[in-house]
Amino acid sequence: MMRKIEVAVLLAGVLLSAGLFAACAGQVSETAEEAEDFPARVETHWTDQYEWFVEHPLLVVGREASFAAHLTLLEGFEPVESGSLTVELLSPDGTTLQRVEADAPARSGIFAPTLIPESAGSGSLRLVYRGPSGEVAEARWTVRIAAAVSDLAEAPPEPEGIGFLKEQQWRIPFSTVTTEVRALNETIDLPATVEPHPRYVAEVSAPAEGILLAAESGLPIPGMRVRAGEVLALVSPPLGSPTGWHTLQAELTEAQNRLAYAENEYGRASRLVEAGAIPARRLQAAEVERDNAAAHLGAIRQQADLFRDLAGAGEHGAQVAPAALPLRAPIGGTVSAVRVTAGEPVGIERHLFRIVDLNHLVVRVEVPESVLQRLLGHAGQGEPLEASIMLPGSIGDADENGWLPLGDLIDLGTEVDPISRTAPVRYLSGDSAAALRPGMAVRTRIRVGGDHEVLAVPERTITNVEGVSVVYVHISGETFEERVIATGMQDSGWVEILSGLSEGERIVADGAYQVRLAGLSPESAPAGHAH
1 MMRKIEVAVL LAGVLLSAGL FAACAGQVSE TAEEAEDFPA RVETHWTDQY EWFVEHPLLV
61 VGREASFAAH LTLLEGFEPV ESGSLTVELL SPDGTTLQRV EADAPARSGI FAPTLIPESA
121 GSGSLRLVYR GPSGEVAEAR WTVRIAAAVS DLAEAPPEPE GIGFLKEQQW RIPFSTVTTE
181 VRALNETIDL PATVEPHPRY VAEVSAPAEG ILLAAESGLP IPGMRVRAGE VLALVSPPLG
241 SPTGWHTLQA ELTEAQNRLA YAENEYGRAS RLVEAGAIPA RRLQAAEVER DNAAAHLGAI
301 RQQADLFRDL AGAGEHGAQV APAALPLRAP IGGTVSAVRV TAGEPVGIER HLFRIVDLNH
361 LVVRVEVPES VLQRLLGHAG QGEPLEASIM LPGSIGDADE NGWLPLGDLI DLGTEVDPIS
421 RTAPVRYLSG DSAAALRPGM AVRTRIRVGG DHEVLAVPER TITNVEGVSV VYVHISGETF
481 EERVIATGMQ DSGWVEILSG LSEGERIVAD GAYQVRLAGL SPESAPAGHA H
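Residues in the sequence shown are numbered from 1 upward in steps of one, following the working numbering.
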């Protein structure tokens with residue numbers, strides 16, 4: 001069906017040039033109805049950079065043929081806004097018989113040259129676009145020029161399907177891709193949780209009972225970065241407590257006196273045994289008492305030394321009696337929890353601070369028992385079980401579908417939970433750590449098996465319609481077909497096509513939902529719309 005603009009141009013040409021056409025081709029003036037019913041041809045061609053969608057009437061000697069050539073830049077799917085278009089009518093041997101040119105688009109994305117064939121026969125049309133930067137694109141198809149309207153062959157039927165106009169496509173995010181054969185691995189999608197790495201998380205507790213005091217820089221707050229060994233707070237043991245410094249000093253003096261007495265008793269017993277004044281067992285008892293006293297003194301000294309080490313050295317390196325014990329960060333990282341305030345009494349069993357190194361995280365995947373058996377089988381054959389995660393709004397190292405690669409596999413389900421029948425499979429976060437935080441829930445995709453050459457499409461091209469997977473095939477410039485497909489394995493944003501598509505077909509990637517809506521509206525059909 002001719003577009004309205006073509007009908008108007010055709011009628012104008014007929015009315016203004018009736019005498020000339022009658023002389024050249026024996027034609028007569030036409031009514032509006034006859035012009036509107038004049039058969040037309042629609043051509044759609046794709047190159048690496050452009051999509052051609054061209055409408056023109058069948059060619060008749062002496063009859064003006066108005067072209068509507070829609071040219072779309074595939075990158076960004078935008079209409080061509082500048083450049084020129086040449087239409088050439090070629091003989092079967094490639095000789096140029098006629099040439100017309102449109103210096104610029106008649107409107108955004110549409111060139112409208114006109115051609116009046118001068119001789120009948122077979123040939124071809126070649127359309128050449130020349131862009132403002134020197135780029136060139138070409139489309140070509142065979143045609144037959146009739147000597148008269150009565151000699152016209154039947155026009156090729158326009159494809160049937162969902163109508164979605166070029167002007168609609170250009171106004172929304174829209175794109176198409178071609179189906180292709182590519183190597184895919186089977187993948188398994190599972191939910192997962194982010195955890196701290198056990199080697200890079202620490203709970204800080206008090207070494208003794210006492211009162212918590214802020215360090216010179218103040219108490220840490222969540223989110224603060226700390227270095228290993230940095231003082232987080234101080235604990236002041238109360239006077240007279242079993243762990244107090246003064247109590248340790250008293251116990252140390254008592255232990256020293258006990259040892260001195262035991263050594264004297266051992267020496268006295270030795271002399272009396274040599275003189276035969278007492279039995280040998282009295283010497284053995286004195287020896288045991290001396291050894292016990294020495295061990296007790298060693299333990300008290302070790303506790304006092306630890307007390308001093310916690311406090312640190314005084315001026316000029318001299319050890320001083322500590323008034324408070326410092327709480328030091330055992331690892332470097334970020335303070336994730338503070339469970340105490342200054343001046344609060346604390347005990348040795350209480351966790352006061354939590355530190356996590358966010359550069360070292362673990363992703364824990366809960367794998368069903370049946371899936372674990374498959375993973376174990378592939379791992380037993382030496383196949384790598386690579387994994388990636390999906391986060392909303394992923395950037396950086398994420399691929400075009402938003403998947404971030406994970407690091408090494410460190411735990412392949414060492415134990416199955418008897419209730420959930422799942423086993424934890426753990427991966428290092430690797431370079432993805434910057435986008436993760438402990439406690440996050442993420443989607444995980446584990447690749448299993450080797451490569452398989454299969455027909456595949458991007459995952460985002462598939463639409464779920466009432467539980468059925470469909471794609472929208474771009475069969476002509478403004479016509480689409482909803483196609484039910486069967487899918488197989490998935491891999492990094494690509495899906496295997498088992499049936500419903502063949503290699504090289506062009507399908508909608510962005511804008512599929514709008515095409516579906518157009519299919520639900522009968523008035524969306526392209527026939528009769530104006531350019």
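Glycine residues also receive a C-beta, built at the ideal position from the N, C-alpha and C atoms.
Because the structure is a prediction, the values reported are computed rather than measured.
Cβ neighbours of residue i in the same chain (closer than 8 Å, five flanking residues each side left out)
i	result
E459	N401, Q490, G493, W494, V495
H451	Per the sequence presented here, residue 451 reads as Asp, with His not at that position. Excluding residues within five positions, the ones whose Cβ falls inside 8 Å are A183, L184, N185.
E81	P105, S108, G109
T487	I462, S469, V495, E496, I497, L498
T31	Reliability fails at T31, whose pLDDT of 46 lies under 50, so the model's placement of it is uncertain and no value is given.
P191	V365, E366, A441, V442, R443, T444
W170	T72, F77, E78, P79, S108, G109
A215	V231, L232, A233, L234, P326
A25	Here the model assigns A25 a pLDDT of 36, short of 50, so the residue's position is not dependable, and the following value carries that caveat. So the qualifying residues of the chain are V60, V61, G62, R63, A147, A148.
V448	N185, E186, T187, I188, R374, L375, H378, E383, L385
Contact set for residue i: own chain, Cβ-Cβ below 6 Å, skip 5 residues either direction
i	result
L409	L385, Y427
M440	V194
Y513	none
V60	A146, V149
G347	E209
L327	V204, L232, A233
D103	S84
H534	Residue 534 falls outside the range modelled here, since the chain spans only 1 to 531, and no answer is possible.
V570	As shown, the chain starts at 1 and ends at 531. That puts residue 570 outside it, with no answer to give.
V100	V87, P113, L115
Chain-order list of residues whose beta-carbon lies under 7 Å from that of residue i (same chain, five-residue window excluded)
i	result
A518	I162, G163, F164, S524
R126	E88, L90, E138, R140
I475	P159, G161, E481
E287	Y266
G413	V367, L372, A423, P424, V425
L436	V194, L361, S429
R130	G83, S84, V136
C-alpha gap between residue i and residue j, whole angstroms
i	j	result
G240	A387	Model confidence at G240 stands at a pLDDT of 47, short of 50, so the residue's coordinates are unreliable; what they give is reported in the following sentence. About 58 Å.
A337	V204	10 Å
L234	P196	26 Å
I331	E349	20 Å
I507	E75	15 Å
V340	R258	41 Å
E158	G134	34 Å
V371	I389	18 Å
A379	L406	17 Å
H360	G430	8 Å
R290	A329	41 Å
T178	V457	8 Å
A342	L219	8 Å
L501	T176	15 Å
S124	P79	25 Å
A40	A155	6 Å
L58	A65	8 Å
Q284	G333	56 Å
A299	A250	14 Å
Q381	P132	57 Å
CB-CB length for residue i against residue j, believed under 8 Å
i	j	result
V181	V454	7 Å
G62	I145	The pair is not a contact, with the Cβ atoms about 10 Å apart (cut-off 8 Å).
G477	F53	3 Å
A423	E369	7 Å
R301	L252	7 Å
Counted within 10 angstroms of its Cβ, other Cβ atoms place residue i as buried (16 or more) or exposed
i	result
A68	buried
P113	buried
H70	buried
L535	The displayed coordinates of the chain run from 1 to 531. Any statement about residue 535 would go beyond what the structure contains.
E160	exposed
N464	exposed
S521	exposed
V136	exposed
I188	buried
I419	exposed
Residue range of the alpha helix (DSSP H) that includes residue i
i	result
E369	369-380
Q168	166-170
Range of the contiguous beta strand (DSSP E) that encloses residue i
i	result
A512	Careful: A512 lies outside any beta strand (DSSP E), inside the alpha helix (DSSP H) at 512-519.
V87	84-90
Y129	121-130
R328	325-328
Y427	422-428
S205	201-205
T187	180-196
Q490	486-491
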